[in-house]
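Per our numbering, residue 4 is the first one in the sequence shown, and the count goes up by one each step.
A virtual CB, placed ideally from N, CA and C, is assigned to each residue, including glycine.
Being a predicted model, the structure only gives us computed values, none of them experimental.
Have a look at the structure below, then the notes.
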Amino acid sequence: MKLETFKNILECFSDEPDDIEISKGQLVVQIRNELISAELKNKDGELIVCENDSERTATKWIIERIAHLPQLADRIINYIEKEEHFITPEAKYLPRIDLNPFEKEEAKENAVQDTIDILTEQTAGITNILYLTSDAGEGKTTLINEIAYKQAENFKKNRQGWLLLPITLGGRPFLRFDDVIIGSLMNKFRFPFFYYDAFLELVKLGVIIPAFDGFEEMFVESSTGEALSALSSLIQNLNSSGSLLISARKAYFEYKDFRSQAKLYDSIDTDAVSFSKLTLKRWSKKQFLEYSKERGIEDEEEIYSEIEERLNEDHPLLTRAVLVKRLIDVAISLDNRTILYDKIGTRTDNYFYNFVETIVEREVSKKWVDRSGEASKSLLSLREHYILLSMLANEMWISNTTSLTGEILELISDLFSDQYNKSPNINRQIKERITQHSLLVNSENNKLKFQFDHEEFKDFFLGVYIGMQLERNANTELLTVLKRGSLPKQTIRSTCSYLGKTGKKDINYYSELLAKISQNDSKTSFTRENCGALILKLLNKEKSKAIRLNELMFPPNSFRNRRLRKIEFINCYFQATEIKNSELINCSFKECKFDRLDFSGEHTFKNVLLERCEVNSIITDNDNRIYNPNKIPKYLSSLGFTIQTDQSIKDDELFDQDNDQNLAIVEKVFRTFLRSTFINEDVFKVRLGTLSPTFFDKILPELLRENIIQEVPYKGSGSQKRYKLTVKLNEFENALKISNGNYNTLLENIEPKSS
4 MKLETFKNIL
14 ECFSDEPDDI
24 EISKGQLVVQ
34 IRNELISAEL
44 KNKDGELIVC
54 ENDSERTATK
64 WIIERIAHLP
74 QLADRIINYI
84 EKEEHFITPE
94 AKYLPRIDLN
104 PFEKEEAKEN
114 AVQDTIDILT
124 EQTAGITNIL
134 YLTSDAGEGK
144 TTLINEIAYK
154 QAENFKKNRQ
164 GWLLLPITLG
174 GRPFLRFDDV
184 IIGSLMNKFR
194 FPFFYYDAFL
204 ELVKLGVIIP
214 AFDGFEEMFV
224 ESSTGEALSA
234 LSSLIQNLNS
244 SGSLLISARK
254 AYFEYKDFRS
264 QAKLYDSIDT
274 DAVSFSKLTL
284 KRWSKKQFLE
294 YSKERGIEDE
304 EEIYSEIEER
314 LNEDHPLLTR
324 AVLVKRLIDV
334 AISLDNRTIL
344 YDKIGTRTDN
354 YFYNFVETIV
364 EREVSKKWVD
374 RSGEASKSLL
384 SLREHYILLS
394 MLANEMWISN
404 TTSLTGEILE
414 LISDLFSDQY
424 NKSPNINRQI
434 KERITQHSLL
444 VNSENNKLKF
454 QFDHEEFKDF
464 FLGVYIGMQL
474 ERNANTELLT
484 VLKRGSLPKQ
494 TIRSTCSYLG
504 KTGKKDINYY
514 SELLAKISQN
524 DSKTSFTREN
534 CGALILKLLN
544 KEKSKAIRLN
554 ELMFPPNSFR
564 NRRLRKIEFI
574 NCYFQATEIK
584 NSELINCSFK
594 ECKFDRLDFS
604 GEHTFKNVLL
614 ERCEVNSIIT
624 DNDNRIYNPN
634 KIPKYLSSLG
644 FTIQTDQSIK
654 DDELFDQDND
664 QNLAIVEKVF
674 RTFLRSTFIN
684 EDVFKVRLGT
694 LSPTFFDKIL
704 PELLRENIIQ
714 EVPYKGSGSQ
724 KRYKLTVKLN
734 EFENALKISN
744 GNYNTLLENI
754 EPKSS
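Structure representation (structure tokens):
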């Protein structure tokens, strides 16, 4: 470490720059209330700090003496919420693009050790970002905590030179990023020894790797941009150094447009950043049986076989860690497990509703019991439990938080008791028991707050709340919920399951009610998108009477796994969607807009009309892209659609046979930059394959001439060229949509970033 770097780092730990004095090999610095004196030497080109007859390299002295990282390791070990019965998951790994130009993932058998190895071997000279991804409830948080704990132990034993610092972000009202990080150090780990600037220096040194858990909600759902600007500011402050681990749900990577991932890329300016991804696999029978044995279950094979026979081996109750944990909890508490198996049933679409009902019924009959009278009786009925828990979930949703204080829980309990005429004695018992409910736990960030045991349960009861308001025809309450944000998929499923079980009206009634509610908000609001998602889920597989839907917006992949009949869509907007396991029968679309239709999955179409509709692009069943507005109707007709349009197809000469190919090449090139801010020409050659001569001979010169791509100095062995984008990916996506399938028009509409 150079002397100037050493001094700059010390300034970040001190209260004032004047608190540091270095003269003639002597160092005097005041860190908080401690005055430190030491001698500085150079040995073999390395800066050495001598203090109290002890010599350490400058880096090691900062780590141990100034940053107190051994003490931070102790705090991580003492305060981390480590899973008692941890089962090591398997994973798939996608390395950074210069090591793996394709999207081919590598199998990893031990996600804990493999993640440690990946983070240990990160490349110098760039900021390395590792995405840890899976669906909700498959163990991202548990894995992060396990790695943090293990790394802290390794650090204490001098086996590793860095710490993983878990920073929980999901569901909390967004604060300044520095406040969140330092607040986490102070409140969660009781560690007060450095400021945010010092934290940044330690990340740049590679001795701290922050793990941002729960940030995916900001990527996928946030419309404010605050979270992304904060993260981009952090990345830019790292100056192409250090490593980050970011927990992100699979939904972040599912879109085939640039909708989600471009948000982060576009917020990064000039720094070298490389992205890799580790995807957790769902549990197999091996992990299920291993966990069951850890919990003391002796007939684990029987439990697995009974559920597999009713559902299937890939069912979430057998493969998702959070649900397996709850399943074993219930199995242990029941004397007769036949009750559990019968409750789960054989229908895969209602399994979660039935499973939660089993958990709540146990609360009703065994825990929430009023023993104040001569005969014991349940404090609340099953439905009343659902009402109370749904009120909690709704308060969290409206407040944009995952946890509530004890005072808020008491207030909601009072409101519930008033609404349902509960006596003071019953109300008192409700307030005593609510914090001990089996579905509620203390918040990880603040032990004085309470949250659902997993966000899946919060999302479930939010769906129950929406279903109850639909039953009541409570338009005002519904509009308040629906306009708040994009509803989680679990919420949409549980709303429909609730109405299917308890709804007194037919599905068309609730669908029409949602369609009317959507008209009370703007066309680009969350309300219209949420109403659209709920309606399509309600109408899925239903053989009901015909229904007309006007001016709705539908979320990404809204047609995936949908079987829809007798629906007339008028002036609706569909975001990019896969047509996978999809069935459309006797449906019509009039003056609708489609971002993209992806026909790469199984589908069935019978008597489907597209009248005066606009389709921006298509992905065919062999993964080709079609942008040409003349070819899109022809392809749709070949699939069985009936196409009606007021415009005649003309000017075909504008679209030569290379037009779609050129657009596809440009899109593939832009998509490459999602994995790194700087790309070597060898990566383009490998990814484009036989198309690379067209790119290098024709397209690249045009992109360079239009300043859409710039050449930058190459860093590394050998000799080749290196490139970066000067265009925001989101702007490229917009230019692609308005290009009307014309390659030249696309180039004209792309605006380079302002310098």
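Neighbourhood of residue i by C-beta, 6 angstroms cutoff - its chain only, sequence neighbours within 5 removed
i, result
"I573", "N553, K593"
"C15", "D200, A201, E204"
"K5", "none"
"K253", "T136, D138"
"R674", "none"
"E297", "H88"
For residue i, the nearest candidate out of the options (CA to CA)
i, options, result
"E764", "S679, V715, F89", "Outside the shown range of the chain, which is 4 to 758, sits residue 764, and nothing can be said about it."
"R329", "F355, T341, G348", "F355"
"Y501", "I39, Y389, T645", "Y389"
"R475", "G506, Q522, V730", "G506"
"P632", "T648, D624, Y576, G643", "T648"
"G441", "E435, K450, F455, T123", "One detail in the question is off: residue 441 reads as Ser in this sequence, not Gly. Of E435, K450, F455, T123, the residue nearest in Cα terms is F455."
"K569", "W371, L451, Y630, N511", "N511"
"I520", "L539, V363, R365, E480", "E480"
"L248", "K160, I132, T405, L172", "I132"
"T375", "E670, L172, P427", "One detail in the question is off: residue 375 reads as Ser in this sequence, not Thr. S375 has its Cα closest to that of P427, out of E670, L172, P427."
"D509", "K548, A518, F105, S497", "K548"
"P716", "G48, F681, L749", "F681"
"L146", "Q116, E156, A518, L166", "Q116"
Rounded C-alpha distance that separates residue i from residue j
i, j, result
"L314", "T322", "12 angstroms"
"F658", "H606", "Its pLDDT being 45, under 50, F658 is placed unreliably in this model, and the value from its coordinates should be taken loosely. So the alpha carbons of these two residues sit roughly 29 angstroms apart."
"E413", "Y198", "37 angstroms"
"S250", "L234", "13 angstroms"
"Q154", "I212", "11 angstroms"
"T580", "P558", "8 angstroms"
"C534", "E303", "42 angstroms"
"N752", "E736", "11 angstroms"
"E141", "E360", "21 angstroms"
"L677", "Y134", "12 angstroms"
"L629", "T729", "A quick correction: the sequence has Ile, not Leu, at residue 629. Distance between the alpha carbons of I629 and T729: 26 angstroms."
"T8", "D663", "52 angstroms"
"L383", "V367", "7 angstroms"
"T91", "K111", "11 angstroms"
"L391", "A667", "52 angstroms"
"Y576", "G488", "18 angstroms"
"I495", "K634", "36 angstroms"
"E316", "L326", "14 angstroms"
"F158", "G186", "23 angstroms"
"L281", "L97", "6 angstroms"
"G643", "K609", "7 angstroms"
"D626", "I121", "32 angstroms"
"N665", "N745", "9 angstroms"
"T405", "Q239", "29 angstroms"
Cβ neighbours of residue i in the same chain (closer than 8 angstroms, five flanking residues each side left out)
i, result
"G28", "E42, L43, K44"
"S243", "G128, I129, T130, D274, A275, V276"
"K380", "V372, D373"
"Y152", "I79, I80, I83, K85"
"S561", "G535, A536, L539, F577, Q578, T580"
Cβ-based burial, residue i [other Cβ within 10 Å; buried from 16]
i, result
"S26", "exposed"
"M189", "exposed"
"D338", "exposed"
"R162", "exposed"
"G299", "exposed"
"T291", "According to the sequence displayed, residue 291 carries Phe and not Thr. Buried is the call here."
"P169", "buried"
"L418", "exposed"
"R531", "buried"
"D269", "buried"
"K461", "buried"
Whole-angstrom C-beta distance between residue j and residue i, which should lie under 8 angstroms
i, j, result
"I844", "I150", "Lying before the first or after the last residue shown, residue 844 is absent from the chain, which here runs from 4 to 758."
"K526", "N619", "Their Cβ separation, rounded to whole angstroms, is 18 angstroms, which puts K526 and N619 out of contact at 8 angstroms."
Spatial neighbours of residue i in its chain, beta-carbon cut-off 7 angstroms, leaving aside the 5 residues before and after
i, result
"L600", "T580, I582, V618, I621"
"I65", "I12"
"D685", "Q723"
Heavy atom of the ligand ATP within 8 angstroms of residue i beta-carbon
i, result
"E413", "Of the ligands one can find in the structure shown there are none, so the ligand ATP has no counterpart to examine."
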